[in-house]
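Numbering (our numbering), first residue to last: 218 to 841.
The following block contains the structure:
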């Protein structure tokens, strides 16, 4: 049989054939050497894997605030929880099944329930699951505490929950407060599993459930979280935003069966559950004088229903909201903090609708275009240049965000300056929930407090230097090149840094001594009530703003002050801030060692007025 030539035109054994064979052998040797080298690199770089751990320990960045520049002043926050009469214990209904709502709830409201001028307390509570295998003798409810502090005396609270009307079983999450009917009594909305509950303040510490009469959904399978009262259409009354977390049910949670290596059954991750839509309710006012206001849902046409562009499904997984006029046009906008999906920025179109511009504004993602686990939120003008900042507390191993308005023609351009402003690096290891701006030392600059705690009890099995109970972080605004500096226990007292499973947080001047006290809640445990004992001698004013009948607490108004030393200070009248919580409405403003030279207010309807300076320490500002 004739032998075929493997390559036509080339003679076997020729010079070309020898060269070809040599090249093939060289290539084979080169490939073998590459494989051996790759295996050696893998062998040298490999690390032994801990069979009980899913992740390596995370090293926290070191904040660039030690040993240089000014330090926070020495003050003290004192834990007075028990001596003040607070006996509340949060119940999450947990029986070992690790259902997702068990680890997220627990807001708090500081509001004046009886009109006596001081801040009372309402703690939101969970309750037992309907399918719990064992039932206790009584279901837990929200807890209402009246502030009975005498002038100049120690802070004292009295539990008036029983018979208040708020003592009804409800798996609560958050709270929003506002005077809806103009009767000078603050009403209460609770969010949670099964929709919302609206309670009318009847006076004398009594409340009535008016959910059904108000037009709000009296029952729902939804999971409502953040809520805010604000005037969306400048018609003088309060409308309602309600955020929802994820589409959820106990059965769905058990079927998801989230597992964590080294732990086993763990609390489910948000991305395992479908997203939701927020809801928006327009206040149509009372049908007759003295009647209750009625609300109409306008969610579908409002522009708030954002869908995932890839799937067409609801996108939002909302845990917090900040109502604020972002572009200074006199109309309220909304910044919505979402967990593991992009944050939303809704700008008011002045016709009852909103446009979502989160990505264009720079607030939707982090600096690398990634989403984060956003929890608590607050917005304020925190720098001497009055730049608007939006601060968001994020999940563990994610720094706080601080989106700052940029000096451009487009006023809705923000950049995350958390690192350069000092709010980011020190926060990375902690899981941040409650977050708000407040001036704890009354120097006229807004500081930041975050309330922290993990969601998984056994997280130490996964990450050795991450803990379930975590200390709060207090960031002092020093006004320097790096605005925020972490305060230490030597500078603020050890009590405020007690490790807790922190969730909601709020502030109020409970003893009316001029400085702001703090309350923080925790999952399945007692809250932490902290009295501010600063004694720096700084000046201050406390402004109580009275609006018109539809919004008598003037929610959304802006106060602008100029001090004798040339500083400009701006504060918004807004109780909604932090995580599922409400802070007091009177505005306490520190002045340092200066005084006020000019005072101006812009009411929610756009009307502006000036007030004669100097103002008294406690001043009432009333709409004409």
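Idealized CB from N, CA, C, for every residue including glycine. Computed from a prediction, not measured in an experiment: that's the story for all the values here.
Opening and closing residue of the alpha helix (DSSP H) in which residue i lies
i: residue 518; result: 516-519
i: residue 472; result: 467-473
i: residue 428; result: 428-431
i: residue 707; result: 706-709
i: residue 578; result: 575-578
Environment of residue i [buried if 16+ CB atoms lie within 10 Å]
i: residue 280; result: A caution first: residue 280 carries a pLDDT of 49, below 50, which makes its placement in the model too unreliable to give a value.
i: residue 367; result: exposed
i: residue 825; result: exposed
i: residue 568; result: exposed
i: residue 611; result: buried
i: residue 347; result: exposed
i: residue 173; result: Since the first residue shown for the chain is 218 and the last is 841, residue 173 is missing from the structure and cannot be characterised.
i: residue 530; result: exposed
i: residue 839; result: exposed
i: residue 363; result: buried
i: residue 556; result: buried
Same chain, Cβ closer than 8 Å to residue i, five either side skipped, listed in chain order
i: residue 427; result: 415, 416, 417, 509
i: residue 731; result: 659, 757, 759, 805, 834
i: residue 283; result: Its pLDDT being 48, under 50, residue 283 is placed unreliably in this model, and the coordinates cannot settle the point.
i: residue 636; result: 616, 642
Cβ-Cβ distance between residue i and residue j below 8 Å
i: residue 780; j: residue 827; result: no
i: residue 289; j: residue 704; result: yes
i: residue 523; j: residue 532; result: yes
i: residue 647; j: residue 324; result: no
i: residue 651; j: residue 795; result: yes
i: residue 306; j: residue 742; result: yes
i: residue 514; j: residue 493; result: no
i: residue 551; j: residue 458; result: yes
i: residue 562; j: residue 578; result: yes
i: residue 406; j: residue 393; result: yes
i: residue 389; j: residue 342; result: yes
i: residue 633; j: residue 618; result: yes
Residue range of the beta strand (DSSP E) that includes residue i
i: residue 412; result: 412-420
i: residue 591; result: 591-598
i: residue 441; result: 441-447
i: residue 616; result: Per DSSP, residue 616 belongs to no beta strand (DSSP E) and is neither H nor E.
i: residue 810; result: From DSSP, residue 810 is part of no beta strand (DSSP E); its letter is neither H nor E.
i: residue 605; result: 605-611
i: residue 541; result: 535-541
i: residue 503; result: 496-503
i: residue 748; result: 745-749
i: residue 724; result: 719-725
i: residue 307; result: Looking at the DSSP string, residue 307 is not in any beta strand (DSSP E), and its letter there is neither H nor E.
i: residue 295; result: 294-296
i: residue 826; result: 825-828
i: residue 400; result: That residue, residue 400, is in no beta strand (DSSP E); it is neither H nor E in DSSP.
i: residue 669; result: 664-669
i: residue 739; result: 734-739
i: residue 681; result: Here residue 681 belongs to no beta strand (DSSP E), and DSSP marks it neither H nor E.
i: residue 554; result: 550-555
i: residue 693; result: 690-694
Proximal residues to residue i (C-beta, below 7 Å), its chain only, five neighbours per side dropped
i: residue 830; result: 813, 814, 815, 816
i: residue 518; result: 570
i: residue 837; result: 761, 763
i: residue 304; result: 376
i: residue 655; result: 663, 664, 666, 724, 733
i: residue 401; result: 332, 769
i: residue 822; result: 451, 453
i: residue 445; result: 393, 458, 538, 540, 793
i: residue 803; result: 759, 760, 761
i: residue 714; result: 688, 689, 706
i: residue 466; result: none
Nonlocal neighbours in the same chain, by C-beta distance under 6 Å from residue i, ignoring five residues either side
i: residue 746; result: 297, 298, 301, 303, 736
i: residue 327; result: 336, 723, 725, 800, 801
i: residue 331; result: none
i: residue 460; result: 442, 443, 495, 535, 538
i: residue 777; result: 787, 817
i: residue 434; result: 412
i: residue 609; result: 554, 591, 594, 618
Contact test: residue i Cβ vs the ligand GDP heavy atom, cutoff 7 Å
i: residue 838; result: This structure lacks the ligand GDP; in fact it carries no ligand of any kind.
_Stretch-stretch touch, CB-based, cutoff 8 Å, three pairs: the region 634-645 with the region 571-582_ = No: fewer than three Cβ pairs fall under 8 Å.
_Under 8 Å, with one C-beta from each stretch per pair, do the region 720-738 and the region 676-686 reach the 3-pair mark?_
These segments do not touch.
*Any contact of the region 439-451 with the region 493-513, i.e. 3+ C-beta pairs under 8 Å?*
Judged by Cβ distances under 8 Å, the region 439-451 makes contact with the region 493-513, as three or more pairs qualify.
*Kindly confirm or deny that the region 586-599 and the region 623-634 touch, where touching means at least three C-beta pairs closer than 8 Å.*
No, the region 586-599 is not in contact with the region 623-634.
*Just checking, does the region 311-318 make contact with the region 468-482 on the three C-beta pairs under 8 Å criterion?*
Touching, yes.
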